[in-house]
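All you need for the numbering used here is the position in the sequence shown, starting with 1, plus 64. Quick reminder that beta carbons are idealized off the backbone N, C-alpha and C, glycines included. Read through the structure below, which is laid out as structure tokens, and then see the notes.
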Amino acid sequence: MPPRPALNLDPATRAWAPAPAPAPRLLAMRGKLLPLAGLYLVQGLPYGLQSGLLPVLLRARGLSLTRVGLAKALYAPWLFKLVWAPLVDTRGSPRAWLTLSTAALGLVCGLLASHPPATAGQAGLPVTVAGLLLLLNLAAAVQDVALDMLAVRLLEPAELGPGNTVQVVAYKLGAVLAGGGLLALVPTLSWPLLFLLLAATYWLAAALTWVAPALRQLPPPLPSEHPRHTLHLGQDLLAVPGTLWTVGFVLTYKLGEQGTSALFPLLLLDCGISTPELGLWNGVGAVACSIAGSSLGGALLARRRQPLPLLKSALQFRLGGLACQTALLFHLDSPGASLAPSTVLRGAALLSLCLQHFLGGLVTTTTFTLMMRCSQLAPSALQATHYSLLATLELLGKLLMGTLAGALADSLGPCLCFFVFLALSAAPMLYLGLVPNTLA
65 MPPRPALNLD PATRAWAPAP APAPRLLAMR GKLLPLAGLY LVQGLPYGLQ
115 SGLLPVLLRA RGLSLTRVGL AKALYAPWLF KLVWAPLVDT RGSPRAWLTL
165 STAALGLVCG LLASHPPATA GQAGLPVTVA GLLLLLNLAA AVQDVALDML
215 AVRLLEPAEL GPGNTVQVVA YKLGAVLAGG GLLALVPTLS WPLLFLLLAA
265 TYWLAAALTW VAPALRQLPP PLPSEHPRHT LHLGQDLLAV PGTLWTVGFV
315 LTYKLGEQGT SALFPLLLLD CGISTPELGL WNGVGAVACS IAGSSLGGAL
365 LARRRQPLPL LKSALQFRLG GLACQTALLF HLDSPGASLA PSTVLRGAAL
415 LSLCLQHFLG GLVTTTTFTL MMRCSQLAPS ALQATHYSLL ATLELLGKLL
465 MGTLAGALAD SLGPCLCFFV FLALSAAPML YLGLVPNTLA
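Below is the structure:
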């Protein structure tokens, strides 16, 4: 017996009538976004693993803080995505690259399950474990290129806002699950069981990638679209309309924000806020606010809001939030100021921390939408390489300021340093006035 159709009450006739079917375009978009969400979620797992889970496990096994910090050098493959991006662009299909790279992530996690990170008293990370973690990052970076290529080719212009919201939010959720969720299971699960769980997750994701209908329908680029092998690939990428402007923007738009997000929590710690409380606000609270900001950006873009006006407004709000943080910092530096419990100043400081992460999420989603729009102007066979160029430079700008923020604070002092961050946050607003017509 066939299912009965859903009924709606017609307000004009007061009679029951069949409910309208969901718009085919909406169903098609959902069919694209669901597999993208799952893939971006598993893509965030390696970052959360190495930024949240691994440092705690290594420190608990007796490694020095210096050696734990040096483990971040294993992120190096992410800065060299342009090396293999042309290969991903021109050989095979996005579905094949995604399936193989995701399955490779599962294989590496399975191998890591049989190699503990360190034994008590060991001087550093075992070479085998370090090599496997390097391979984990390599496979994740290849997956990132293939997934970005898929998103650029799969999403229509009207779907860029929701698509980039899915990208940012799902990636952050994956990082939180691996960094915080698995860390909570450490007392229950051993190192081998943790990595076997991750391996099973990756293999399941690889299987779903291979059978997903939306991914099977995506055709590879035509042979005539393949870029010629030339030493002028960089010139070809920079010749894409709007690229030079976008490169300048992604390198600089996060400089001030990254400086404040790196320093402000540490300054609050120096002023007397406890480590557990700061961890709650700067960890769970900040991630939740960042996801909320990203979701708001995607919702506004989905309602046909243009990225550039939205980005301009978000940058203005972000500058205002940073100005408030700077004023709080000056007040904390005055005699008699205190962050004692139940004080207004303490609440304002913690709320400003969350507000900046909320606005940062909004700015990030809008910027990634702009980056993807620029990459869609490139020839089909160059789009993944082009987007990888922009994403690598965006990461480079954030890492640069995150690394130098402490040295700036030590040399200039926190208050003067925050004035520098204010200037760096105002510069992108002026730079928006130079945007080319191709991106407007």
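I need the DSSP call for Q440, collapsed to helix, strand or coil. coil
Got a sec? Which residues, its chain only, sit under 8 Å from C353 by beta carbon, not counting five neighbours each side? C418, L419, H421, F422 and G425
In terms of alpha-carbon separation, which member of G349, L375 and A387 lies closest to L414? Each of G349, L375 and A387 was checked against the Cα of L414, and the nearest Cα belongs to G349.
Below 8 Å on the Cβ atoms is my contact criterion, and I expect A234 with L105 to pass it. Report the Cβ-Cβ distance as a whole number of Å. 4 Å
What residues in its chain sit with their C-beta under 6 Å from that of C388, if we drop five residues either side in the sequence? S416
Buried or exposed, going by whether 16 or more other CB atoms sit within 10 Å of the CB of L393? buried
Is it buried or exposed for S358, if we count other Cβ within 10 angstroms and need 16 for buried? buried
Report all residues from its chain with a CB closer than 6 Å to the CB of P291; omit the five preceding and five following residues, and keep chain order. Here P291 scores only 48 on pLDDT, less than 50, and its place in the model should not be relied on; the value that follows carries that caveat. Excluding sequence neighbours, P291 sits near A445 and L446.
For T252, is the classification buried or exposed, using 16 other Cβ atoms within 10 angstroms of its Cβ as the cut-off for buried? exposed
Can you name, in chain order, every residue of its own chain whose Cβ lies under 7 Å from the Cβ of A378, other than the five neighbours on each side? L423, L426, V427 and T430
Roughly how many angstroms separate the alpha carbons of A490 and L262, rounded to a whole number? Distance between the alpha carbons of A490 and L262: 42 Å.
Roughly how many angstroms lie between the CA atoms of A473 and L386, to the nearest whole one? 16 Å
Roughly how many angstroms separate the alpha carbons of R437 and F144, rounded to a whole number? 23 Å
Do L372 and L365 have their C-beta atoms closer together than 8 Å? no
Output the distance between the C-alpha atoms of L315 and P492, rounded to the nearest integer angstrom. 10 Å
Which of helix, strand or coil does DSSP assign to A85? Bear in mind that a pLDDT of 46 at A85, under 50, signals an unreliable position, so the number given afterwards is only what the model happens to contain. Three-state result, A85: coil.
Might you give, ordered along the chain, the residues of its own chain that have their beta carbon closer than 8 Å to the beta carbon of V230, omitting 5 neighbours on each side? L97, L100, A101, Y104 and G362
Status (buried if at least 16 other CB within 10 Å, exposed otherwise) for R280: exposed
Along the chain, where does the alpha helix (DSSP H) that runs through G357 open and close? A350 to A366
Quick check: what's the CA-CA separation for A487 versus F259? 44 Å
Give the single residue among L118, Y111, T265 and P150 whose Cα lies nearest to the Cα of P443. P150
Coil, strand or helix - D212 by DSSP: Correct three-state label for D212: helix.
Any idea if V275 is buried or exposed, counting beta-carbon neighbours within 10 angstroms, 16 or more meaning buried? Classification of V275: exposed, given that the 10 Å Cβ count is below 16.
Output needed for S178: all residues of its chain with C-beta closer than 8 Å, excluding positions within five of it in sequence on either side, in chain order. P256
Under DSSP, the alpha helix (DSSP H) around N501 begins and ends at which residues? Neither: N501 is in no alpha helix (DSSP H) and is coded neither H nor E.
Return the Cβ separation of L214 and P158 in integer angstroms, given the expectation that the two are a contact with Cβ distance under 8 Å. 4 Å
As assigned by DSSP and simplified to three states, the class of S288: In this prediction, S288 has a pLDDT of 44, which is less than 50 and means its spatial position is unreliable; nothing more can be read from the coordinates.
With DSSP collapsed to three states, give me the class of A303. coil
If contact is defined by three or more beta carbon pairs under 8 Å, each pair taking one atom from either stretch, is the region 325-333 in contact with the region 462-478? yes
Please name the residue in L197, H296, L463 and G108 whose C-alpha comes closest to that of L241. Comparing alpha carbon positions, the residue from L197, H296, L463 and G108 closest to L241 is G108.
Among L460, T163 and P478, the one whose alpha carbon lies nearest that of T265: T163
Could you give the DSSP three-state label for W80: helix, strand or coil? The predicted position of W80 is uncertain, since its pLDDT is 46 and thus under 50; a value taken from the coordinates is nonetheless stated next. Of the three classes helix, strand and coil, the one that applies to W80 here is strand, per DSSP.
Residue of P141, T449 and L453 minimising C-alpha distance to G312: Minimum Cα-Cα distance from G312 among the listed residues P141, T449 and L453 corresponds to L453.
So, helix, strand or coil for P36, using DSSP? There is no way to answer for residue 36, as the model of the chain reaches only from 65 to 504.
For Y451, which residues of its own chain have a beta-carbon under 6 Å away from its beta-carbon, when the five flanking residues on both sides are left out? D212, V216 and S439
Suppose you measure from the CA of Q299 to the CA of L308; what does that come to, to the nearest Å? 11 Å
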